[in-house]
Amino acid sequence: MQNSQLIHILSSLSKKETRELRKWLVSPIHNQRSDVVQLYEYLTSSNRLEDDKSLEKERIFRKLYPKEAYDDAKMRQAIHFLQESVEEYLMYVKSKDDGLTQYLGLAKIYREKKLLKLHEKTMKKIEEDFQNAPHRNEEIFERSYLIEKEKSTMFIERSRAVSTNYQEMSNSMEMTFISRKLKLACAMLSHQKIYKTNYDFGLLEGVLTYLNGQNQSQLINDPTIKLYYHLYNLFKFPDEEFHFFEIKQVLSSSEHFFDPLERKDVYLMIINYCISRMNIGFKSFVREAFEFYRKAIESRIIFEHGMLNHLAFRNIVTAGTTLKEFDWVSSFIEEYQQYLGPEYRDNFVKFALARLYFEQGDYDRAQDLLIQFDIDDILINLTAKTMLIRLYYEKDEFLALESLLDSMRAYINRKKMLAYHKMSFKELISASKRLIKIQFNDRKKIEVLQNQINNSRILPSHMKEWFMEQLKKLRR
């Protein structure tokens, strides 16, 4: 039974949910079977959910029905009814989070029962709550439509006349569709670029043409529609950077309209755009990425279940050290390392400190940490080794550098990774080997390597800069 759906559900419950669910089960409104309550109490006590022997169906059956021979059909029936009750409880808890849907349901009941004053009172409360809603995203547009629809239905039933709020219903429906279409298009375009998938965007072109029309300034200035309109165009036409600054303006004035989960998704999309611009040499986007990361950290929207993603931790440190924000980065590592998953904490703190010490010019401390760094992630491992390349070269430890480059080449050849990454690191190794063989003021070899680096489309921009700095020193 340990792999059953019921056990997975019960194992996911918090202590509070476990207590509240018991109250639900003992209420005859929700459950009238005593064996279902007994089964629940057995499973949720004494850590039985984690003990395989305690989850054997024959053992559980003896606890529930001590005077009966084992009956698998009866056992499965008790499990079925318990799972059904648990799912009903979870749906009820979730519905409580959505007061509008609950009150709209109540208004519908009052309308059907001809309780007109109660219907009017309920609709008044709904509209007050709607106006005071903290977030104004695409869900608000849909709720506006549902409110107008209920008002229309009541008006028609009460007066037998044609509803007068069709325009409001149409406006709300239109806003709902456009905002959701743009939001989905952003997700589709982002996924398409990463996984090389081709999507049919359907009516999107019509939506964009409509929004670009002369008379749609009200629509395009709605914060939700404006945000996703510019996000889509930013991903579609990454060189049109004015979309990025329009997005910043929307967030600056209207960020409070979006709930934390939506803000997190938007921040990550923007940060990924910044990183893509950084990777092709647009230095100003290092600061942009850093500031978005800093806001995401301070507001904690980037956290998941109280934990900070290890890759985000690394990226924040990389951006901060690139900008020479050393004091901030040092405080960040100290304060936020506790939020890394235990399996990542040691290695990623070492990596972060190594990066900090390296950018501060403390090569010995950086080297000590990088040598200890060991993680299964191929790209992060190679990123750490890339830092060692720079470190060994700047310390004139060329034998260690030669050995490192040979071990990196062997590592890359035996590991599976995207062809782009493999080519990029192989070119990095090739350029590094050429660099260490160039004698001071050997202009011909310097020029050849400069041309190779300038013409490369796969070397990271920060490594291109580093190679150029070293070649410049060799020309003097």
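FYI, in this note's numbering the residues of the sequence shown are 858 to 1333. A virtual CB, placed ideally from N, CA and C, is assigned to each residue, including glycine. Just so you know, these numbers come straight off a predicted model, no measurement behind them.
Within 10 angstroms of its Cβ, does residue i collect 16 or more other Cβ (buried), or is it exposed?
| i | result |
| --- | --- |
| ASP1079 | buried |
| VAL893 | buried |
| HIS865 | exposed |
| THR1175 | buried |
| TYR1277 | exposed |
| HIS937 | exposed |
| THR1021 | exposed |
| THR1054 | exposed |
| ASN1136 | exposed |
| TYR1056 | exposed |
| GLU1216 | buried |
| ASN1090 | buried |
| VAL1186 | buried |
| SER942 | buried |
| ALA1169 | buried |
| SER1001 | buried |
| PHE1099 | exposed |
| ASN904 | exposed |
| ALA1241 | buried |
| ILE1013 | exposed |
| ALA1267 | exposed |
Quick check: what's the CA-CA separation for residue i versus residue j?
| i | j | result |
| --- | --- | --- |
| SER1109 | ASP1184 | 26 Å |
| ASN1172 | TYR1193 | 13 Å |
| LYS914 | MET932 | 7 Å |
| GLN1049 | MET1030 | 28 Å |
| GLU944 | ARG890 | 16 Å |
| LEU1165 | GLU969 | 50 Å |
| ASP1299 | LYS1329 | 11 Å |
| ASP908 | SER1036 | 48 Å |
| LEU1065 | ILE1077 | 10 Å |
| TYR1249 | LEU1258 | 6 Å |
| LEU867 | LEU1261 | 50 Å |
| HIS992 | ILE1127 | 20 Å |
| LEU963 | LEU947 | 20 Å |
| LEU1306 | LEU1061 | 47 Å |
| ASN1270 | LYS873 | 52 Å |
| SER1016 | LEU939 | 47 Å |
| GLU977 | ILE886 | 29 Å |
| LYS1181 | LYS1038 | 41 Å |
| CYS1190 | PRO1199 | Residue identity differs from the one stated: residue 1190 is Ile in this sequence, not Cys. Going from the Cα of ILE1190 to the Cα of PRO1199 covers about 15 Å. |
| THR1243 | ASP1263 | 13 Å |
| GLN1106 | GLU1112 | 9 Å |
| GLY1070 | TYR1086 | 14 Å |
| LEU906 | LYS951 | 24 Å |
| ASP1096 | LEU1236 | 27 Å |
| ILE1051 | ASN1129 | 11 Å |
| LYS924 | TYR949 | 36 Å |
| LEU1025 | ILE1004 | One point to set straight first is that residue 1025 is Glu, not Leu, in the sequence displayed. Approximately 10 Å, taken between the alpha carbons. |
| ALA1223 | VAL1206 | 12 Å |
| MET1274 | ASP1234 | 11 Å |
| GLU1326 | GLN862 | 60 Å |
| LYS851 | ASN1028 | Since the first and last residues shown for the chain are 858 and 1333, residue 851 lies out of range. |
| LEU1068 | GLN1075 | 10 Å |
How about residue i and residue j: do their beta carbons lie closer than 8 Å?
| i | j | result |
| --- | --- | --- |
| LEU1125 | THR1178 | no |
| SER859 | LEU900 | Before going further, note that residue 859 is Gln rather than Ser in the sequence given. Cβ distance not < 8 Å, so GLN859 and LEU900 don't count as in contact. |
| LEU882 | LEU870 | no |
| PHE1149 | CYS1131 | yes |
| ASN1163 | TYR1201 | Before going further, note that residue 1163 is Gly rather than Asn in the sequence given. Result no, Cβ atoms of GLY1163 and TYR1201 do not sit closer than 8 Å. |
| ARG1120 | ILE1154 | no |
| PHE1324 | ILE1310 | yes |
| MET1265 | LEU1239 | yes |
| ALA930 | LEU921 | no |
| LEU1046 | LYS1093 | yes |
| ARG919 | LYS910 | no |
| TYR967 | LEU975 | yes |
| ILE1246 | SER1188 | no |
| ARG1332 | ILE1303 | yes |
Does the beta carbon of residue i come closer than 8 Å to any beta carbon on chain C?
| i | result |
| --- | --- |
| SER1036 | Structure shown: chain C not included; a single protein chain is present. |
> Does the region 950-966 touch the region 983-992, meaning 3 or more C-beta pairs lie closer than 8 Å?
Replying inline: yes
> Are the region 1106-1116 and the region 993-1000 touching, with three or more C-beta to C-beta distances below 8 Å?
Replying inline: yes
> Of all the alpha helix (DSSP H) runs that stay within the bounds of the region 1161-1213, which reach a length of 4 or more residues?
Replying inline: 1167-1179 and 1183-1193
>> To test your reading of the DSSP string, which unbroken beta strand (DSSP E) runs of 3 or more residues are found completely within the region 1112-1151?
In response: none
> So does the region 1248-1259 actually touch the region 1230-1238, counting three or more Cβ pairs closer than 8 Å?
Replying inline: no
>> Quick check: the region 1200-1213 against the region 1130-1146, are at least 3 beta-carbon pairs closer than 8 Å?
In response: Two segments are said to touch when three or more pairs of C-beta atoms, one from each, lie closer than 8 Å; by this definition the region 1130-1146 does not touch the region 1200-1213.
>> Count Cβ pairs between the region 1000-1010 and the region 1040-1049 that sit closer than 8 Å; are there 3 or more?
In response: Judged by Cβ distances under 8 Å, the region 1000-1010 makes no contact with the region 1040-1049, as fewer than three pairs qualify.
>> Taking 8 Å as the cut-off, does the region 1304-1321 touch the region 1282-1289 (at least 3 CB pairs, one atom from each stretch)?
In response: yes
> Quick one: complete alpha helix (DSSP H) runs, 4+ long, within the region 1281-1319?
Replying inline: 1300-1312
> What residue ranges within the region 1011-1062 form continuous alpha helix (DSSP H) runs of no fewer than 4 residues, ordered along the chain?
Replying inline: 1023-1052
> Which residue spans inside the region 913-971 form an unbroken alpha helix (DSSP H) run of at least 4?
Replying inline: 914-921, 929-953 and 956-969
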